[in-house]
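Q: This is the structure I want to talk about, given as structure tokens.
Residue numbers (the working numbering): 2 to 358.
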């Protein structure tokens, strides 16, 4: 149920947790006796929806993991995210499978709330089952029936249905998520928390079409600790790219032709080449090509991002660098940005290919 301002109970609990001293003036218990986390656990166990929004479209994560977050509200936000993964099946009939107690396998019942301290879901067995009390089960042992394309009936785990939404990436009515707010603050601790629990938080665009990754390229008037956290997170994301064949993470080798896919070993590269990549490599290579307009040359003595252009060259060169073995040979360039409104500075390792774009 909600208030007249459409404030769901979980958001109310998080809000009161952040203002304990104010709550104390209206409630007999002292601050030390207030257990908002305990109240939060009870609410989600008995069906409070973690994805419920207030009148502005904000969820419990906007309030619990924003710039005004506390250690307690971050705990509640994390619980809400885990509960939200399977909350779509609350009240639906489910079937149990894969349990060590084989007599429970095949048992049907109704899915209940989320038990946060155990990261499990409650199930109420149907009448006539081998047990008549509520069960606390891991989500991977809970299934729903699904009709196949050929009309046959089967079962699928509630974690694999495709309805899972990361609550940290759910937008309000302006298209904002928690990270949009935190990115412009000094709350490096909250930024680390969000990066840990959301792999896509840097790439969600707000109502103006701006992502946090784009904010990272914007020049700010003061030093922002959060941006340093986000840059490290972005670098780790690159390191965690997966092998195009087996999905393994770690040190990878790029396809030298298209530079669009990586592999963990020579064996995986050959396997994927025969099975799929041979047909798409040429297309991927052509998709990676850019046609550049006429670049702007450096002004003599111009200061670029805090360093003199004299260290590069007084004259720009828009063409291949010196020392290439053959015409058309690929080479690495470095691209530096001082914000979305400034030109990009582009140059190679020898500094004999350099221009502004």
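Glycine included, every Cβ here is placed at the ideal spot set by N, Cα and C.
All of these numbers come straight from a predicted model, not from anything done at the bench.
Under the three-state reduction of DSSP, which class applies to residue 335: helix, strand or coil?
A: Residue numbering aside, residue 335 sits at position 334 when the chain shown is read from its first letter. Reduced to three states, the DSSP call for residue 335 is strand.
Q: Would you list the residues sitting across from residue 138 in a DSSP beta bridge?
A: The count along the chain shown starts at 1 and reaches residue 138 at position 137. The partner list for residue 138 (beta bridge, DSSP) reads 122.
Q: Could you give the DSSP three-state label for residue 146: helix, strand or coil?
A: Residue numbering aside, residue 146 sits at position 145 when the chain shown is read from its first letter. Strand, per DSSP.
Q: What are the partner residues of residue 111, as DSSP defines its beta bridges?
A: As a working note, residue 111 is residue 110 in the chain shown. Paired residues: 94 and 125.
Q: From the beta carbon of residue 218, is the nearest beta carbon of chain B less than 8 Å away?
A: Looking at the structure shown, chain B is missing, and only one protein chain is on hand.
Q: What did DSSP end up calling residue 243 once you bin it into helix, strand or coil?
A: Reading the chain shown from its first residue, position 242 is the one you call residue 243. Reduced to three states, the DSSP call for residue 243 is strand.
Q: Excluding the 5 residues preceding and the 5 following residue 51 in the sequence, name in chain order all residues of the same chain whose CB lies nearer than 7 Å to its CB.
A: Sequence index remark: in the chain shown, residue 51 carries index 50 (1-based). Excluding residues up to 5 positions away in sequence, 11, 45, 61, 81, 84, 85, 88 and 168 lie with their Cβ nearer than 7 Å to the Cβ of residue 51 in the same chain.
Q: With respect to the beta strand (DSSP E) encompassing residue 346, which residues constitute its N-terminal and C-terminal limits?
A: Locating residue 346 in the chain shown gives position 345, counting from the first residue. That run of the beta strand (DSSP E) goes 346-349.
Q: Taking the DSSP output, what are the residues bridged to residue 355?
A: Within the chain shown, residue 355 is the residue found at index 354, counting from 1. Partner(s): 318 and 348.
Q: For residue 22, count neighbouring C-beta atoms within 10 Å of its own C-beta (all shown protein chains included) and say buried if the count is 16 or more, exposed if not.
A: Numbered from its first residue, the chain shown carries residue 22 at position 21. The residue in question, residue 22, is exposed, as its Cβ has fewer than 16 Cβ neighbours within 10 Å.
Q: Drop a sphere of 10 angstroms on the beta-carbon of residue 37, count the other beta-carbons inside from all chains shown, and report buried for 16 or more, exposed for fewer.
A: Taking the first residue of the chain shown as position 1, residue 37 is located at position 36. With 16 or more other Cβ atoms within 10 Å, it is buried.
Q: I think residue 230 touches residue 193, with their Cβ atoms under 8 Å apart; what is that distance to the nearest whole Å?
A: Here residue 230 refers to the residue found at position 229 when the chain shown is read from its first residue. Here residue 193 refers to the residue found at position 192 when the chain shown is read from its first residue. That belief holds up - the Cβ atoms of residue 230 and residue 193 are roughly 6 Å apart, short of 8 Å.
Q: Return helix, strand or coil for residue 179, following the three-state DSSP convention.
A: Within the chain shown, numbered from 1, the residue matching residue 179 stands at position 178. Note: residue 179 maps to helix in three-state DSSP.
Q: Over what stretch of residues does the beta strand (DSSP E) that includes residue 154 continue unbroken?
A: Locating residue 154 in the chain shown gives position 153, where the first residue counts as 1. Judged by DSSP secondary structure, residue 154 falls within the beta strand (DSSP E) whose first and last residues are 154-158.
Q: Reducing DSSP to helix, strand and coil, say where residue 26 ends up.
A: For the purposes of this step, residue 26 is identified with residue 25 of the chain shown, where counting begins at 1. Correct three-state label for residue 26: coil.
Q: Determine the DSSP secondary structure at residue 104, reduced to helix, strand or coil.
A: Here the question's residue 104 lines up with position 103 in the chain shown. Residue 104: helix per DSSP, three-state reduction.
Q: If residue 77 sits next to residue 19, beta carbons under 8 Å apart, how far is it from one beta carbon to the other, in whole angstroms?
A: For the purposes of this step, residue 77 is taken as residue 76 along the chain shown, with counting starting at 1. For the purposes of this step, residue 19 is taken as residue 18 along the chain shown, with counting starting at 1. Not confirmed; about 10 Å, so no contact.
Q: Closer than 7 Å by C-beta to residue 251: which residues in its own chain qualify, once you throw out the five before and the five after it? Chain order, please.
A: As a working mapping, residue 251 is identified with position 250 in the chain shown. Excluding sequence neighbours, residue 251 sits near 265.
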